[in-house]
Amino acid sequence: MNWIAEHGVELAGFVLTLVVTITGWVMEHRSSKERDDNRRDDIDLLKSQIAALRDQADSLNEQTAMQRAEFDKPPFGEAEWVRGSIRRVTITGSRRVYVESVTLDDDSYVLRLRTKIPDSFEPSETIEYVTNGPVPVVFSWRWDDEPNMPLKKLRRVAYKPEQ
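Right under this line is the structure:
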């Protein structure tokens, strides 16, 4: 008993320190676990945001590819019969086009242009020509804003509608 009386205060201080330390460890563990759960939630949120941003980037890439395909597609609509032996081709692309020449696929037919060629054409402008048959017409063209581009050729045929 003498020992407890002499060292009681020290023993109580040790027990109190031990209880406070253990309580601190438990509270720190709970807090750490809660922070860990919050971080996991934040990581999951960031992963979902990254996935959404990737989907958005893929969508933008598809849009860009579609716009580029539209931008670079051949600029001539289908040839159409107007009346008699007059035919017309409309510039349907989204860019100005420079038409170097218009020729027939078959030399046995006659072609007379009603539109000045060579020239540059805006979208929705037309090129009219007269031919004595439904022979394919060949357009030699390039984009107006690309003067060094090699000329491309495109065929169009307009048939007289059945009456």
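The sequence shown maps to residues 97 to 259 in this note's numbering. Beta carbons: idealized from backbone N, C-alpha and C, even for Gly.
8 Å Cβ cutoff met for residue i and residue j
i: V253; j: T222; result: no
i: V234; j: T188; result: no
i: W177; j: Y255; result: yes
i: E158; j: S190; result: no
Residue i - containing beta strand (DSSP E), residue span
i: L247; result: It is not in any beta strand (DSSP E) - L247 carries neither H nor E in the DSSP assignment.
i: V233; result: V233 to W239
i: R208; result: L207 to L209
Collapsed DSSP secondary structure at residue i in the structure displayed
i: S155; result: helix
i: E218; result: coil
i: E176; result: strand
i: S272; result: No answer is possible for residue 272: the residues shown for the chain start at 97 and end at 259.
i: V40; result: This structure leaves residue 40 out entirely; the chain is present only between 97 and 259.
i: I182; result: strand
i: S204; result: coil
i: I223; result: strand
Among the options, the one whose alpha carbon lies nearest that of residue i
i: R208; options: S197, S216 and E218; result: S197
i: Y205; options: E166, A165, H103 and G229; result: G229
i: S216; options: L149, M162, Q163 and D240; result: D240
i: Y194; options: S181, P214, D202 and A165; result: P214
i: S236; options: R150, R192, L250 and T227; result: L250
Exposed unless 16 or more other CB atoms sit within 10 angstroms - verdict on residue i
i: A304; result: Beyond the ends of the chain as shown, which are 97 and 259, falls residue 304; an answer cannot be given.
i: P171; result: buried
i: R183; result: buried
i: T119; result: exposed
i: T117; result: exposed
Contact with chain D by residue i, beta-carbon distance below 8 Å
i: R238; result: Here chain D cannot be found, since the structure has a single protein chain.
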